[in-house]
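Novice: Mind having a look at this structure? Questions to follow.
Chains as they are written, first to last, in the numbering used here: chain A, 824 to 1038; chain B, 3 to 137; chain C, 3 to 303.
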């Protein structure tokens, strides 16, 4: 399993580098923002953090980037007949798929984990000792994770058959659905449940397709 | 020991090997008690499935032409002169049948054929009858 | 264990509405070297891919080493060496990276043997696979398949693109392998002379059916072609069982028959031909006769 994951990462290292660059940029920006505005009321800097973290460019990068990665993983597999070759070795299709998805999750975490850690740390530093607001960072993290993972799954689903353009557009379309959803329902349990259901449905579909397709 | 496999032949490969071993023995290229190459060696040399060689050797052993001694290999059998002679006779008889078929298709009648045959016998000075003690 | 290593039961496969395999039944016992012949696009590769679970069948079932093809476990895979048609491997990897990948994923790797093969073939470690000639790719492919000491070797047109020397090397390698106990090989090929050299059993695929399936040494005894000449015009209704091919021209009929025996000889004589000549058939001749479009599928020989 480890070998398979390693292979996936090596093949798609560009996405990991992109993720690392993105997250480190955001971390640096956040720290700069927090430092610069540390004399301002905390709300100001928290607001700034929000607007950095949830800014349009970032969201666009995430919801295009990760479906693209999912699609790219499936597309290069089909194009270069990688699974066809691996199937001749003692690996099953199930393991290949699981390794692929784990790689995707690792890439997502590469972006989200440093951000979340930074945000949590800054929150605790900047917010007054008496918590006025309960720390929303964790909820945001989970929702963001689920949302990006949902987009990624969409990429996996569509990437096997078509070129790379369609899934990324699908990812965009999905977010136009998801963003209002989050705005209406907020980062919370409700949104999480809906996202989880969507993810489970797509994963089942991906599994079915990958298991029965001709390699 | 040089054998050749003819892919355009209508005889199965194992049969070709049998034929060639018999021919070599009959023509004196293989002498009695001489060791034949091992199955593996011959398979490698001719680039043929060793099972085919083994099949050929089995057939030869069945016909009494070779004997296999476990651990030592296969050897040309201690042939008596009769067996050798009958093999040789068969070879020539087969050739003659081929000639007869050719003659039929070429529309050479029997008389003409016999005349041609006699002149060939004359030309190569075949002795009228072989003496048994010479075998 | 004397079971069948490969079993194909009533296999049917349609591609885009076109029937490629129309009820194939095949059993390959352990230790057998089976040569699968057929013209281009006759379905040889399709059968192999279905056997390995790369392609789903339309109907029917296939089994490898007792396991169903659709659900081959990693353990079963580790006992099978596969050389796919075209020797594509993974084009953009370097040779060294591909070897390491195979080594890391394999359950059993015979390093000594593999080193010996890579030295014999002189495979360059740091070149990309896409840049190798097809001959070298074939050699790499074969080496990778052999390095796992497989019980069952499935080779799809393994000598495609190999030059004469490389083909000979491959044959000698195959023969070395055959010498080892209980290995089974299924291979498909266009090169009849190669098949005749190394196969024990032979199958000919034509028109979606396995037209011939018998031991190689039996083949030439069982499939016979005759030229019959009749005193008057040739009878239209010349009937024998298991005629593969029949050509009528004036007073002559050329027929190809399988499972030749005395009974058929007697039947033939009832039609009173003025002459009956047996025409010698090499493997190539037999192959051509059996793959003509009107060839009638035969009973299992």
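All C-beta atoms, glycine included, are put in the ideal place defined by N, C-alpha and C.
Can you name the residues of chain C whose CB is closer than 8 Å to the CB of residue 914 (chain A)?
Specialist: Chain C residues near residue 914 (chain A): 76, 79, 107.
Novice: Which same chain residues, not among the five before or five after residue 1028 (chain A), have their C-beta less than 7 Å away from its C-beta?
Specialist: Hits under 7 Å: 980.
Novice: Just to confirm the assignment: which complete alpha helix (DSSP H) runs, minimum length 4, are found wholly within the segment 43-107 of chain B?
Specialist: List check, alpha helix (DSSP H) in window: 52-64.
Novice: Where does residue 178 (chain C) sit, in a helix, a strand or coil, going by DSSP?
Specialist: Reduced to three states, the DSSP call for residue 178 (chain C) is helix.
Novice: So with Cβ pairs under 8 Å, would you call residue 16 (chain C) a contact of chain B?
Specialist: Cβ-Cβ to chain B under 8 Å: no for residue 16 (chain C).
Novice: Quick check on residue 6 (chain B): buried or exposed, where buried means 16 or more other Cβ atoms within 10 Å of its Cβ?
Specialist: Answer is exposed; the Cβ neighbour count stays below 16.
Novice: Just reading off the alpha helix (DSSP H) that residue 896 (chain A) is part of, what are its end residues?
Specialist: Taken as a continuous stretch (DSSP letters only), the alpha helix (DSSP H) holding residue 896 (chain A) covers 879-903.
Novice: Using a Cβ-Cβ distance under 8 Å, would residue 977 (chain A) count as near chain C?
Specialist: So, not an interface residue.
Novice: Quick check on the DSSP output: the beta strand (DSSP E) that includes residue 191 (chain C) runs from which residue to which?
Specialist: That run of the beta strand (DSSP E) goes 186-191.
Novice: State yes or no: is the beta carbon of residue 202 (chain C) nearer than 8 Å to at least one beta carbon in chain B?
Specialist: Taking Cβ atoms only, chain B reaches closer than 8 Å to residue 202 (chain C), which makes this a yes.
Novice: What residue range is occupied by the uninterrupted beta strand (DSSP E) comprising residue 942 (chain A)?
Specialist: Run containing residue 942 (chain A): none in the beta strand (DSSP E); it sits in the alpha helix (DSSP H), 916-949.
Novice: If I measure Cβ to Cβ from residue 14 (chain B) and keep anything under 6 Å in the same chain, skipping five residues before and after, which residues do I get?
Specialist: Excluding residues within five positions, none has a Cβ falling inside 6 Å.
Novice: When the Cβ atoms of the segment 114-126 of chain B are set against those of the segment 165-177 of chain C, are three or more pairs found closer than 8 Å?
Specialist: Too few Cβ pairs lie closer than 8 Å, so no.
Novice: Should residue 232 (chain C) and residue 276 (chain C) be called a contact, given that it needs their Cβ atoms to be closer than 8 Å?
Specialist: Yes, they are a contact pair.
Novice: Going along the chain, which residues of the segment 185-215 of chain C sit with their C-beta nearer than 9 Å to a C-beta in chain B?
Specialist: Of all residues in the segment 185-215 of chain C, 194, 195, 196, 198, 199, 200, 201, 202 have a Cβ within less than 9 Å of some Cβ in chain B.
Novice: Nearest chain B C-beta to residue 303 (chain C) closer than 8 Å, yes or no?
Specialist: For residue 303 (chain C), the pLDDT reaches just 42, beneath the cut-off of 50, and the residue's location in the model is therefore unreliable, although a value from the coordinates is still provided. Taking Cβ atoms only, chain B never reaches closer than 8 Å to residue 303 (chain C), which makes this a no.
Novice: Is the beta carbon of residue 912 (chain A) less than 8 Å from the beta carbon of residue 108 (chain C)?
Specialist: Yes, these two residues count as a Cβ contact at 8 Å.
Novice: Does any C-beta atom of chain C lie closer than 8 Å to the C-beta of residue 1035 (chain A)?
Specialist: Output row for residue 1035 (chain A): interface = yes.
Novice: On the premise that residue 39 (chain C) lies in contact with residue 191 (chain C), defined as a C-beta separation below 8 Å, what is that separation, rounded to the nearest angstrom?
Specialist: About 7 Å separates the two Cβ atoms, so the contact holds.
Novice: Under a three-way DSSP split, which group does residue 103 (chain C) fall into?
Specialist: Helix.
Novice: Opposite residue 88 (chain C) in the DSSP bridges: which residues?
Specialist: Residue 88 (chain C) is not bridged to any residue.
Novice: For a contact meaning CB atoms closer than 9 Å, what does residue 292 (chain C) contact in chain A?
Specialist: Chain A residues near residue 292 (chain C): none, gap ~29 Å exceeds 9 Å.
Novice: Tell me which same chain residues have a C-beta within less than 7 Å of the C-beta of residue 57 (chain C), skipping the five on either side of it?
Specialist: The residues are 48, 51.
Novice: For residue 157 (chain C), collect the residues of the same chain with a Cβ closer than 6 Å to its Cβ; drop the 5 residues on either side in sequence, then sort them by chain order.
Specialist: Excluding sequence neighbours, residue 157 (chain C) sits near 85, 189.
Novice: What distance in whole Å lies between the Cβ atoms of residue 103 (chain C) and residue 830 (chain A), which are believed to be in contact at a cut-off of 8 Å?
Specialist: About 6 Å; that satisfies the 8 Å criterion.
Novice: Could you check what DSSP says for residue 63 (chain C) in three-state terms: helix, strand or coil?
Specialist: If DSSP states are grouped into helix, strand and coil, residue 63 (chain C) belongs with the strands.
Novice: Looking at the C-beta of residue 939 (chain A), does it have a partner C-beta in chain C at a distance below 8 Å?
Specialist: So, not an interface residue.
Novice: Based on DSSP bridge pairs, tell me the residues matched to residue 96 (chain C).
Specialist: Answer by DSSP bridge pairing, in chain order: C:130.
Novice: For residue 269 (chain C), would you say it is in contact with chain B, using Cβ-to-Cβ distances shorter than 8 Å as the test?
Specialist: Not one chain B Cβ lies under 8 Å of residue 269 (chain C).
Novice: Go to residue 277 (chain C), then tell me how far its beta strand (DSSP E) extends in each direction, as first and last residue.
Specialist: Counting along the chain, the beta strand (DSSP E) containing residue 277 (chain C) begins and ends at 277-281.
Novice: With 8 Å set as the bound, which would you pick, yes or no: does the beta-carbon of residue 1032 (chain A) sit closer than that to a beta-carbon of chain C?
Specialist: It does not: the Cβ of residue 1032 (chain A) has no partner Cβ on chain C nearer than 8 Å.
Novice: What does residue 104 (chain C) reach in chain A if we use C-beta pairs closer than 8 Å?
Specialist: What residue 104 (chain C) touches in chain A: 912.
Novice: Please classify residue 70 (chain C): does DSSP put it in a helix, a strand, or coil?
Specialist: If DSSP states are grouped into helix, strand and coil, residue 70 (chain C) belongs with the strands.
Novice: Quick test of the definition: if touching needs 3 or more C-beta pairs under 8 Å, does the segment 935-948 of chain A touch the segment 37-53 of chain B?
Specialist: These segments do not touch.
Novice: Could you check what DSSP says for residue 118 (chain B) in three-state terms: helix, strand or coil?
Specialist: Note: residue 118 (chain B) maps to helix in three-state DSSP.
Novice: Mind listing which residues of the segment 30-61 of chain C have their C-beta closer than 9 Å to chain A's C-betas, in chain order?
Specialist: Taking 9 Å as the Cβ-Cβ cut-off against chain A, the residues of the segment 30-61 of chain C that qualify are 51, 54, 55, 56, 57, 58.
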